[in-house]
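Here's the structure we're looking at; comments come further down.
This is how it looks when you write it as structure tokens:
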């Protein structure tokens, strides 16, 4: 059954899908076209901060509100605890992620509690009003997250060198420490509007009933500035809403105080645009799988200087998780003393092997099938499916979240073209120095 797609009156976009294997569960995702690329100058991490502030650690409401339930009864919401406590009290789990071009809030609960969860989602959008104390608390929490991520952020360094001016969505602790409550409210007011949001619901549900209920609960929530919410064009087709960041010198971005486990080199390539050049983008994804299954192991067996190698597309291997300019990251672990130039030469030899003699049909089919299986296994997760629907609607102009048919259509010649494209564009190079041996 195809998902229901629509938009409540002056509310966010809506995607609702009944999934037969959900067995009493439902997942909700609220996807907002606001991410790290929208951070104001001098406030790197504002989108991340607002994500945190959507989960207030304690709340006090002066009014008691009542929401209707499916069966026509009433559920009183009386001086509740935090949003997380309400969800967990219903037997569910919730979390959120801030990316460069969007933020997504996701919740999984027993389907019997879905009505309450939808009401809570609408409510926290209507009543967003963090205190100055909450802003201070959450900036401290984010600062700890930034410190805790040390040692695993090579992708961010490569991004900054491949896409001039791009910065990660984590934030900068020193800039966030100066954030005022009014700035967070202004960011929320500017970006969290109906025309920039999609609500997606999947699970063991009655599609028509959930669509009607969501429409009623979210009608008029965060109206668009001009009073008419329309489905936005793909993110990459929209003009930037924030000034471009000045280009960052990669040398000013030390990897981390915690060194990688092994010496090596990180190579970066810009990927084709996932909206306007989607088939070329997917050909790079297939190329990465082909190399992982055959060419990289062959390199390690042939040249003992290299102990491991891999290529990933997108943020930590999450391909099609963003419509912002993205990168392919190649990591090559090698003996100490192997120079960056030698690693680049080995990488180019690997690419030439595919560019000059396209992989045979069996190897190509195994790579595509592996990607399809992994994608479908991910879609077995209700929350991943809900998040995928939101991204597809908001960022990719309605393209399917898991492009099975498009992946299957990628040919060996397109994979060879992808290898030739990487050969034509010299990679950025970041040397990795491991710890003491």
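In the numbering used here, the protein residues as written are 158 to 594.
Every residue gets a Cβ at the ideal spot worked out from N, C-alpha and C, and that includes glycine.
Identity of the residue in the options nearest residue i by Cα
i	options	result
residue 480	491, 438 and 459	438
residue 421	464, 315 and 240	464
residue 170	508, 357 and 544	357
residue 435	348, 564, 297 and 248	564
residue 277	556, 299, 304 and 249	249
residue 502	331, 351, 272 and 462	462
residue 242	254, 257, 274 and 256	274
residue 352	576, 525, 542 and 165	165
residue 255	578, 208, 382 and 548	208
Residues near residue i by beta carbon distance below 8 Å, same chain, minus five either side
i	result
residue 527	446 and 450
residue 581	none
residue 391	Low local confidence applies: a pLDDT of 48 at residue 391 is under 50, so the model's placement there is unreliable, and no value is given.
residue 244	250, 251, 264, 266, 274 and 277
Chain-order list of residues whose beta-carbon lies under 7 Å from that of residue i (same chain, five-residue window excluded)
i	result
residue 160	172, 173, 174 and 546
residue 510	452
Boundaries of the beta strand (DSSP E) in which residue i is found, first to last residue
i	result
residue 469	463 to 470
residue 553	Element bounds for residue 553: n/a, residue is neither H nor E.
residue 165	No beta strand (DSSP E) contains residue 165, which DSSP labels as neither H nor E.
residue 191	First-last for residue 191: undefined, no H or E at that position.
residue 426	421 to 427
residue 324	That residue, residue 324, is in no beta strand (DSSP E); it is neither H nor E in DSSP.
residue 634	Since the first and last residues shown for the chain are 158 and 594, residue 634 lies out of range.
C-beta atoms of residue i and residue j nearer than 7 Å
i	j	result
residue 550	residue 355	yes
residue 597	residue 240	The chain is shown from 158 up to 594; residue 597 falls before or after that span and cannot be answered.
residue 319	residue 585	yes
residue 441	residue 456	no
residue 202	residue 328	yes
residue 326	residue 205	yes
residue 266	residue 247	yes
residue 264	residue 185	yes
residue 423	residue 488	yes
residue 361	residue 179	yes
residue 258	residue 305	no
residue 378	residue 279	yes
residue 341	residue 271	no
residue 469	residue 448	no
Limits of the unbroken alpha helix (DSSP H) element including residue i
i	result
residue 206	203 to 210
residue 284	Unbroken run through residue 284: none, as it is neither H nor E.
residue 318	311 to 319
residue 581	569 to 581
residue 514	Run containing residue 514: none; DSSP gives neither H nor E here.
residue 343	338 to 348
Sequence-distant residues of its chain with Cβ nearer than 6 Å to residue i (five each side left out)
i	result
residue 471	478 and 483
residue 381	350, 351 and 352
residue 229	Confidence at residue 229 is low in this model, with a pLDDT of 34, below 50, so its placement is unreliable and the value that follows should be read with caution. Result list for residue 229: empty, nothing under 6 Å.
residue 330	300 and 303
Three CB pairs or more closer than 8 Å across the stretch 566 to 575 and the stretch 467 to 480: no
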